[in-house]
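First the structure, in the form of structure tokens, and then the observations on it.
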Amino acid sequence: MGQMTVALYISSLRKGGAERVAANLADHLHHRGYQVILVTTHKLEEEYPIAPGIKREISEPDAAELRKGRIGNFLTRFRKLRGIWKRYQPDVILSFIGKNNLMAVMTSFGLHIPAAVSVRSDPLREYYNGLLRFLAKTLFGAAAGVVLQTKESISFFPGYIRKKAVILKNPINPQFFRERYRGGREKTIVTVGRVDENKNHKMLVKAFAGIADEFPEYRLIIYGDGDKREELMKMAESLGLQDRVLLPGNISNVADAIYKTRVFVLSSNKEGMPNALIEAMVMGLTVISTDCPCGGPKELIDPGINGLLVPVGDEKILQENLHFVLNNLQKSDLMGENAKKTCEIYSSGKVLEEWENYLNLLAFSRK
15 MGQMTVALYI
25 SSLRKGGAER
35 VAANLADHLH
45 HRGYQVILVT
55 THKLEEEYPI
65 APGIKREISE
75 PDAAELRKGR
85 IGNFLTRFRK
95 LRGIWKRYQP
105 DVILSFIGKN
115 NLMAVMTSFG
125 LHIPAAVSVR
135 SDPLREYYNG
145 LLRFLAKTLF
155 GAAAGVVLQT
165 KESISFFPGY
175 IRKKAVILKN
185 PINPQFFRER
195 YRGGREKTIV
205 TVGRVDENKN
215 HKMLVKAFAG
225 IADEFPEYRL
235 IIYGDGDKRE
245 ELMKMAESLG
255 LQDRVLLPGN
265 ISNVADAIYK
275 TRVFVLSSNK
285 EGMPNALIEA
295 MVMGLTVIST
305 DCPCGGPKEL
315 IDPGINGLLV
325 PVGDEKILQE
335 NLHFVLNNLQ
345 KSDLMGENAK
355 KTCEIYSSGK
365 VLEEWENYLN
375 LLAFSRK
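Heads up, the sequence shown is in this note's numbering, so the first residue is 15 and it goes up one at a time.
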């Protein structure tokens, strides 16, 4: 493909869906012979690893440079990021999430470098106030492309931005693509993700409490870390379920941990196209998800065929669905089989090639 230079820009590589996409894409492009510049605002602990040949740049200025008030600090950050683009002169820039997308468009303006932005969640969540929504709907007009997760999310943008919007699938880690487990399944209900307000694990714990007496051998395991973890542990204790609701935190071997489990639940209030749900479906688990904006789960799940959908925040329906799948194991297995078939299209190699081809298209449009 020649020595094309691609710059990827994201806040950090800490463990999360968008960060995983950025890390996977960086590695894919590097192994395909591209020069990859991975620009992150910060470098944190417990980040996704990247290949040694990928150049890493940190865009956040030193603390000593950030003593100029709000506007002065913004200008310092702006100049540092723009300086990175000037220094490397990438053929294309791809940014991920929220304010990073706004900064990528602003700092590359006038440099004749096509900059694409990637909105990873519900745009109403990612651009959470009037000013940010105005800026997204205005500045993205100057972006070379807008990558979205779902069809529903396109409606957030005005017509002139919709014309340059594309939907690209999430590349899924190859370790999730394996033969569906056919032995006796572990009596566990699992979920994976940040333990925060949006994931609404509280609803899941309450729904599990509603069926716990009828299914005494089952446990609920919530993999991930976040600011609601302690609260959930106390909640489980208050319900007398401290030995059956487990929160082990972040783990490195998610695929192995969930492979033999009975049910995967996504209880979020809002999502884009949730990686964790796709991963569970790829492994052939029985899945239950909220029908949350901006429509990702609804695009993946055909209710009763390859999973079940629950209205956002509806603890009663979630409890009923959990009861149904645990009480109808043959039907559950059939939904798991169909879930696996549905998500075979997410094979990481194919999806990463789609991203690569898109970036090439944008780069060549610059010529």
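Just so it is clear, CB atoms sit at the ideal spot from N, CA and C, and this is done for glycine as well.
Paired residues, beta bridge with residue i - DSSP
i    : result
G321 : P317
S361 : I186
I72  : T54
S303 : L280 and L323
L95  : None, per the DSSP bridge assignment.
I433 : This structure leaves residue 433 out entirely; the chain is present only between 15 and 381.
V160 : V131 and A179
R28  : E61
Buried versus exposed call for residue i [16 or more other C-beta atoms within 10 Å across all chains shown]
i    : result
P104 : buried
K354 : buried
G238 : buried
V53  : buried
L145 : exposed
H45  : exposed
E358 : exposed
K29  : buried
I127 : buried
S135 : buried
CB-CB length for residue i against residue j, believed under 8 Å
i    : j    : result
I225 : Q49  : The Cβ separation is near 54 Å, so there is no contact.
S282 : T304 : 6 Å
K178 : V160 : 6 Å
Y102 : I51  : 5 Å
E370 : L43  : 6 Å
L323 : I292 : So it is not a contact: roughly 15 Å between Cβ atoms.
L373 : V35  : 13 Å between Cβ atoms; not a contact.
Beta-carbon proximity check, residue i vs residue j, cutoff 8 Å
i    : j    : result
P137 : F190 : no
S73  : T55  : yes
V119 : L162 : no
I181 : K165 : yes
L246 : V209 : yes
G327 : N214 : yes
T202 : M295 : no
Y273 : Y195 : yes
I98  : E140 : no
A269 : L280 : no
Y232 : N114 : no
T275 : E228 : no
K183 : E368 : yes
Could you tell me which whole beta strand (DSSP E) segments of length 3 or greater appear in the segment 237-294? 259-263 and 275-280
Within the segment 166-236, note down every full alpha helix (DSSP H) run reaching 4 residues or more, in order along the chain. 173-176 and 215-225
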